[in-house]
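To start, the structure under review is shown below, and the notes come after it.
Numbering (this note's numbering), first residue to last: 1312 to 1689.
If you want it as structure tokens, here you go:
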């Protein structure tokens, strides 16, 4: 293994002359880029932590670090040229090694090319008719090393580095074949890279949403959160909630209002358990809904203010009803039924719990958790 040094030109054990970026110099350049982008990176990380679960945010950060590591390795791999007694070896951006006989090289050009954003530096190995036989990017290699390597080939060296750089169009006119599609279309390449990064971010978020939004098995507990703090407590994770079973159809208790025409009652047994040291209040009737197989949602009879001309039965023979409000601390739990009135022909497919959005317990934009309800007879 070659020792890590600040030199970017050296002699290999076979006696070949090797031109390559200094790892230390290239690492310093990447570190400087990261430090310059800390405000943007910090904003992305903070947003990810706020919007995604911890493992989703970790996956997003790991993806960014992986892209940086791949870019670092790619530059070490690509910006390399080897001079042997008989040939010159360079590498393309996709890893192909190009071999050029030294006898075919007529001129070497040290070129600085101006793009819309910055300057790019190349060594061009030119043959007869000014045709470019090979090229290598030398952005991370010192100019002294570029010239020292070029002089060892034993052919004329041309310095094509005007102030402000030469355009790709002019370089291609003077030396046909010297500019690749990737180098000649930096805007398109930038858009493709940006698209790749966006796809990575979107893919991560979609994957998190898909996993987070997947219905959980009946009876499985789910952590209870209050975005911005629950009423009565300032903590984010404050307890667990889980749906124990669904009674469908359910019978209203004696004296209760019967369901409407072509409708039936469905009773859902739910349990809340507190995990916070501070008393936390929640409202079961607001938090839980049921959805049919078409996605239509139905609110609880408790939310419809119980018995009355505009309400429905809150008590069923399935078991005791949950109170309109529960206040729990760590170790305390409450268990009971919520009642729903749904059309006779509709099948209840999911029970949905909506997390509070803020300390007022509003649920307009809070996260949701679904429990899958098995079809009747399954």
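Quick reminder that beta carbons are idealized off the backbone N, C-alpha and C, glycines included. Please read these numbers as outputs of a predicted model, since none were measured by experiment.
Item	Value
With 16 other Cβ atoms within 10 Å as the buried cut-off, status of residue 1522	Residue placement at residue 1522 cannot be trusted, given a pLDDT of 41 that sits under 50; what the coordinates show is reported in the next sentence. Exposed: under 16 other Cβ atoms inside 10 Å.
Where the beta strand (DSSP E) containing residue 1569 begins and where it ends	Per DSSP, residue 1569 belongs to no beta strand (DSSP E) and is neither H nor E.
Counted within 10 angstroms of its Cβ, other Cβ atoms place residue 1553 as buried (16 or more) or exposed	buried
Limits of the beta strand (DSSP E) - the one that residue 1693 falls within	Because the chain is modelled from 1312 through 1689, residue 1693 falls outside the range shown and cannot be assessed.
Residue 1483 - partner residues in DSSP beta bridges	In the DSSP output, where bridge partners are listed per residue, residue 1483 has none listed.
Cβ-based burial, residue 1595 [other Cβ within 10 Å; buried from 16]	buried
Beta-bridge pairing of residue 1561 - partner residues as DSSP gives them	1576
Under 8 Å between C-beta atoms of residue 1482 and residue 1421	no
Residue range of the beta strand (DSSP E) that includes residue 1602	1599 to 1603
Backbone CA spacing between residue 1473 and residue 1423 [nearest angstrom]	7 Å
C-alpha distance - residue 1519 paired with residue 1679, whole-angstrom precision	In this prediction, residue 1519 has a pLDDT of 46, which is less than 50 and means its spatial position is unreliable; nothing more can be read from the coordinates.
Three-pair Cβ contact test at 8 Å for the region 1445 to 1461 versus the region 1393 to 1402	yes
Spatial neighbours of residue 1588 in its chain, beta-carbon cut-off 7 Å, leaving aside the 5 residues before and after	1640 and 1641
Residue interval of the alpha helix (DSSP H) (run including residue 1458)	1454 to 1462
Whether residue 1579 touches residue 1601 by CB criterion (8 Å)	yes
Residue environment, residue 1627, which counts as buried when at least 16 other CB atoms sit within 10 Å	buried
Proximity of residue 1486 and residue 1411 at Cβ, strictly below 8 Å	no
C-beta contact flag for residue 1613 and residue 1625 at 8 Å	yes
Own chain partners of residue 1449 with C-beta closer than 7 Å, once the 5 adjacent residues on each side are dropped	1390, 1432, 1433, 1434 and 1457
Distance CB(residue 1653)-CB(residue 1572) smaller than 8 Å	no
Delimiting residues of the beta strand (DSSP E) encompassing residue 1636	No beta strand (DSSP E) holds residue 1636; DSSP gives it neither H nor E.
In DSSP terms, what residue 1664 is bridged to	1599 and 1680
Beta bridge counterpart(s) of residue 1443 as assigned by DSSP	1437
Nearest-angstrom Cα separation, counted from residue 1462 out to residue 1440	21 Å
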